[in-house]
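Asker: Just so you know, the protein sequences line up as chains A and B, in that order.
Our numbering numbers the first residue of the first sequence as 1 and each following residue consecutively.
Our numbering numbers the first residue of the second sequence as 1 and each following residue consecutively.
For every residue, glycine included, the Cβ atom is placed at its ideal position computed from N, Cα and C.
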Amino acid sequence: MESTEKRDPVHGAPPDEGDLVTTTAEGAEGPISLEALMAGDEKAFEQLVMQESARLFRVIVRIIGDDDEAQSILQETFLQAYQRMSTFRRESKLTTWLYAIGINLARASLRKSRRISSLEDQEVERMQPEFNRGMFVDTPAVWDPARVTELSDRQQLVRKGIDQLPEDYNSVIILRDIEEYSTEEVARMLDISPGAVRVRLHRARGALRKLLDPHMRRMPRN
Amino acid sequence: MKFLTALKTALGLAPGCEKVNEFLAEYVEGALDETTRAHFEAHMNMCKCCDHYLDQYRQTIEMTRQVEEIPVPAELAEHTLAFLRKNANFPSSPQG
Chain A
1 MESTEKRDPV
11 HGAPPDEGDL
21 VTTTAEGAEG
31 PISLEALMAG
41 DEKAFEQLVM
51 QESARLFRVI
61 VRIIGDDDEA
71 QSILQETFLQ
81 AYQRMSTFRR
91 ESKLTTWLYA
101 IGINLARASL
111 RKSRRISSLE
121 DQEVERMQPE
131 FNRGMFVDTP
141 AVWDPARVTE
151 LSDRQQLVRK
161 GIDQLPEDYN
171 SVIILRDIEE
181 YSTEEVARML
191 DISPGAVRVR
201 LHRARGALRK
211 LLDPHMRRMP
221 RN
Chain B
1 MKFLTALKTA
11 LGLAPGCEKV
21 NEFLAEYVEG
31 ALDETTRAHF
41 EAHMNMCKCC
51 DHYLDQYRQT
61 IEMTRQVEEI
71 PVPAELAEHT
81 LAFLRKNANF
91 PSSPQG
């Protein structure tokens, strides 16, 4: 069994450094001064736009699934951030605050367009493993390593599975497992507790596992 | 072995599969305290069901991490800056 001596063996993501990084935001051309940003310095804000646009765009696209709309939301995110910079209270990284604005806008757009996921919360619950008197009811199958690594449409299957998840589950899996933000950062972005992030993440992974299971089993020999 | 695990669980000597399952996210993140992790791993070593499930759980995370990249449009940041110049009284030159 793999040891958990190393911190975060799955993600290798650093912990949220909180206050240590609220004074600057590291950019391609060097650190961006938070003081300059807070003072409304356009040059510093421009650097922030150059630094964060691509990653934030990817997060928004993954949430709403539409490139053109994601570009509009990205622009609106930076506009709101610029106009509301004075409300940033330095309780998190500036980028966490920025991403929270973008994610909120993306989720609002998703609800407005009524592009809803195909799974309901209750279905996610039903997709979790079954227990009887605290023990597994059925032994989970061993997945075929060849299918796990070589299945040609694997990425598409995973993508489709993530898209089917309800919004609350979809967001945590995008931020934690794909973008590899720390649990604490995801909690701040979604304005929920780290414990709630782990609960949602666990259920989202459980549901995704269930969706992938039939595709990953060893094919019976004829 | 499943019987032994069930017996220990029934006697309250070890956590059952359901309890262990609740801790999976913390476990893979390395967020369990030493005592809980030791109980967790003792159960895993005895329970084929949980061991298989943990394998699937880890593979699900790995496959999720390897989901396809989202292509980023050329001049994405420049278009955003142009939008800000129009709507937020940004300087007219991108170089300031």
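How do the segment 201–215 of chain A and the segment 158–175 of chain A stand: do at least 3 beta-carbon pairs fall below 8 Å, yes or no?
Answerer: Taking 8 Å as the limit for Cβ pairs, the verdict is that the segment 158–175 of chain A does touch the segment 201–215 of chain A.
Asker: Is any beta-carbon of chain B found at less than 8 Å from that of residue 15(A)?
Answerer: The sequence position of residue 15(A) within the first sequence is 15, counting from 1. Low per-residue confidence applies at residue 15(A): pLDDT is 36, beneath 50, and the placement is therefore not dependable enough to give any value.
Asker: Got a sec? Which residues, its chain only, sit under 6 Å from residue 188(A) by beta carbon, not counting five neighbours each side?
Answerer: Locating residue 188(A) in the first sequence gives position 188, where the first residue counts as 1. Same-chain partners within the cutoff: 92 and 96.
Asker: Excluding the 5 residues preceding and the 5 following residue 178(A) in the sequence, name in chain order all residues of the same chain whose CB lies nearer than 7 Å to its CB.
Answerer: Taking the first sequence and counting its residues from 1, the one referred to as residue 178(A) is at position 178. Closer than 7 Å at the Cβ level, and outside the excluded window around residue 178(A), lie 62.
Asker: Considering only residues of the segment 81–112 of chain A, which uninterrupted alpha helix (DSSP H) runs meet the minimum length of 4 residues and lie entirely inside it, listed in chain order?
Answerer: Runs found: 94–112.
Asker: Answer yes or no: does any C-beta atom of chain A fall closer than 8 Å to that of residue 80(B)?
Answerer: For the purposes of this step, residue 80(B) is taken as residue 80 along the second sequence, with counting starting at 1. Cβ-Cβ to chain A under 8 Å: yes for residue 80(B).
Asker: Am I right that residue 51(B) and residue 44(B) are in contact with their C-beta atoms under 8 Å? What's the rounded C-beta distance?
Answerer: Sequence index remark: in the second sequence, residue 51(B) carries index 51 (1-based). Sequence index remark: in the second sequence, residue 44(B) carries index 44 (1-based). Right, their Cβ atoms sit about 6 Å apart.
Asker: Please check the pair residue 191(A) and residue 70(A), which I expect to be a contact at CB under 8 Å, by giving their CB distance rounded to whole angstroms.
Answerer: One-based indexing of the first sequence puts residue 191(A) at position 191. One-based indexing of the first sequence puts residue 70(A) at position 70. Between residue 70(A) and residue 191(A) the Cβ distance is about 21 Å, and since that is not below 8 Å, they are no contact.
Asker: Are any of the Cβ atoms in chain B nearer than 8 Å to that of residue 53(A)?
Answerer: In the first sequence, the residue the question calls residue 53(A) occupies position 53. With 8 Å as the cut-off, residue 53(A) counts as an interface residue toward chain B.
Asker: Span of the alpha helix (DSSP H) holding residue 59(B)?
Answerer: Reading the second sequence from its first residue, position 59 is the one you call residue 59(B). Residues 48–65.
Asker: Taking only beta-carbon positions, decide if residue 215(A) is within less than 8 Å of chain B.
Answerer: Translated into positions along the first sequence, residue 215(A) becomes position 215. No, residue 215(A) lies away from the interface with chain B (no Cβ there is under 8 Å from its Cβ).
Asker: Please check if any C-beta of chain A sits within less than 8 Å of the C-beta of residue 46(B).
Answerer: Locating residue 46(B) in the second sequence gives position 46, where the first residue counts as 1. Not one chain A Cβ lies under 8 Å of residue 46(B).
Asker: Go through its chain and collect everything with a Cβ distance to residue 67(A)'s Cβ below 8 Å, but skip five positions before and after it.
Answerer: On the first sequence, residue 67(A) is found 67 positions in, with the first residue counted as 1. 61, listed in sequence order.
Asker: Here's the rule I'm using: 16 or more other beta-carbon atoms within 10 Å means buried, otherwise exposed. How should residue 56(B) be labelled?
Answerer: As a first step, residue 56(B) is located in the second sequence; it is residue number 56 there, counting from the start. The residue is buried, with at least 16 neighbouring Cβ atoms inside 10 Å.
Asker: Thinking residue 78(A) and residue 49(A) are a contact (beta carbons under 8 Å), I'd like their distance in whole angstroms, please.
Answerer: Indexing the first sequence from 1 puts residue 78(A) at position 78. Indexing the first sequence from 1 puts residue 49(A) at position 49. Going by Cβ atoms, the distance from residue 78(A) to residue 49(A) rounds to 6 Å, so yes, they are a contact pair.
Asker: For a cutoff of 8 Å on Cβ pairs, would you count residue 52(B) as touching chain A?
Answerer: As a working note, residue 52(B) is residue 52 in the second sequence. It does; some Cβ of chain A falls within 8 Å.
Asker: Drop a sphere of 10 angstroms on the beta-carbon of residue 219(A), count the other beta-carbons inside from all chains shown, and report buried for 16 or more, exposed for fewer.
Answerer: Reading the first sequence from its first residue, position 219 is the one you call residue 219(A). Residue 219(A) comes out exposed.
Asker: Using the three-state DSSP reduction, which class does residue 63(A) fall into: helix, strand or coil?
Answerer: What you label residue 63(A) is simply residue 63 of the first sequence in a count that begins at 1. It is helical.
Asker: Hey, quick one: how far does the alpha helix (DSSP H) through residue 82(B) stretch, first residue to last?
Answerer: Counted from its first residue, the second sequence places residue 82(B) at position 82. Its alpha helix (DSSP H) spans residues 76–87.
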